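Chemist:
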Amino acid sequence: MRFHLIDRIETISYGKYITAVKCVTLADDVFNEHFPGYPVFPGSLVLEGLAQLGGSFFELMMKNSDLPVKRSILSIINKFKFRKPAVPGDKLFYRADLVAMREEYGVVKVQAEIESEICAEGELTFTFLDIADNDLHESRMTLYKICTKNTKIVQ
862 MRFHLIDRIE TISYGKYITA VKCVTLADDV FNEHFPGYPV FPGSLVLEGL
912 AQLGGSFFEL MMKNSDLPVK RSILSIINKF KFRKPAVPGD KLFYRADLVA
962 MREEYGVVKV QAEIESEICA EGELTFTFLD IADNDLHESR MTLYKICTKN
1012 TKIVQ
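Under the working numbering, the letters of the sequence shown match residues 862 to 1016, in that order.
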């Protein structure tokens, strides 16, 4: 099973930040077991959504520059805190701010909000690896094309 935990990338400012949204619905498969009678969107999936956004940010920046596109692999989770649970009906607003980007790795400060209240935040480090699989590369570029269809690009 593959979880796509970003519904839409809202804005991107290359070299600065990226924002996205995830709508939590009772139709999400995770609610079959988590928890019957009291559905809570797992914090680990909020973290995964933020990691997907951070990794996408680095790959989109590489694609938008003269750099070869490498795969962003989450390698360090630092100072991460969960402050409020997400439940069906919530809209998670994700944001990743660039802290550093080097040839081998990148760091972003991330946060998730529900109705302007922070529900999770921390810092994520990604290692960049060469993509040796053309099918995987094409699949990811297709996914980015879908997620960024109406993305606002800001300076």
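All C-beta atoms, glycine included, are put in the ideal place defined by N, C-alpha and C. Note that this is a predicted model, so its numbers are computed, not measured.
Straight-line CA distance for R944 to Q972?
Modeler: Residue mapping note: residue 944 aligns to position 83 of the sequence shown, counting from 1. Residue mapping note: residue 972 aligns to position 111 of the sequence shown, counting from 1. Each residue's Cα considered, the two are about 11 Å apart.
Chemist: Alpha carbon to alpha carbon, what distance is there between H895 and T872?
Modeler: In the sequence shown, counting from the first residue as 1, residue 872 sits at position 11. In the sequence shown, counting from the first residue as 1, residue 895 sits at position 34. Rounded to whole angstroms, T872 to H895 spans 31 Å at the Cα level.
Chemist: From what residue to what residue does the alpha helix (DSSP H) around S917 run?
Modeler: Numbered from 1 along the sequence shown, position 56 holds the residue referred to as residue 917. Here the alpha helix (DSSP H) through S917 covers G904 to K924.
Chemist: Measure the alpha-carbon distance for M862 versus G910 and round it to whole angstroms.
Modeler: The residue you call residue 862 lines up with position 1 of the sequence shown. The residue you call residue 910 lines up with position 49 of the sequence shown. Residue confidence is low: M862 scores 47 on pLDDT, short of 50, so the model does not pin down where it sits. Its coordinate-derived value is still stated next. Looking at the two C-alpha atoms, the distance is approximately 15 Å.
Chemist: Is Y955 buried or exposed, if buried means 16 or more other CB atoms sit within 10 Å of its CB?
Modeler: On the sequence shown, residue 955 is found 94 positions in, with the first residue counted as 1. Result: buried.
Chemist: Suppose the cutoff is 6 Å on Cβ atoms and the five residues either side in sequence are ignored; what does the same chain contact list for L887 look like?
Modeler: The residue given as residue 887 occupies position 26 in the sequence shown. These residues qualify, in order along the chain: P949.
Chemist: According to DSSP, is F896 helix, strand or coil?
Modeler: In the sequence shown, the residue the question calls residue 896 occupies position 35. Note: F896 maps to coil in three-state DSSP.
Chemist: What number of angstroms, rounded off, separates the C-alpha of A957 from the C-alpha of P897?
Modeler: Locating residue 957 in the sequence shown gives position 96, where the first residue counts as 1. Locating residue 897 in the sequence shown gives position 36, where the first residue counts as 1. Going by C-alpha positions, A957 is about 32 Å away from P897.
Chemist: If I measure Cβ to Cβ from Y875 and keep anything under 6 Å in the same chain, skipping five residues before and after, which residues do I get?
Modeler: The residue given as residue 875 occupies position 14 in the sequence shown. For Y875, where only same-chain residues beyond five positions count, the Cβ hits under 6 Å are M922 and N925.
Chemist: Thinking C-beta only, is Y966 closer than 8 Å to F987?
Modeler: Taking the sequence shown and counting its residues from 1, the one referred to as residue 987 is at position 126. Taking the sequence shown and counting its residues from 1, the one referred to as residue 966 is at position 105. Taking 8 Å as the Cβ cut-off, F987 and Y966 qualify as a contacting pair.
Chemist: What residues in its chain sit with their C-beta under 6 Å from that of V968, if we drop five residues either side in the sequence?
Modeler: As a position in the sequence shown, residue 968 is number 107, starting the count at 1. Cβ within range, chain order: V960, A961 and T986.
Chemist: With DSSP collapsed to three states, give me the class of L985.
Modeler: On the sequence shown, position 124 is the one that residue 985 refers to. Note: L985 maps to strand in three-state DSSP.
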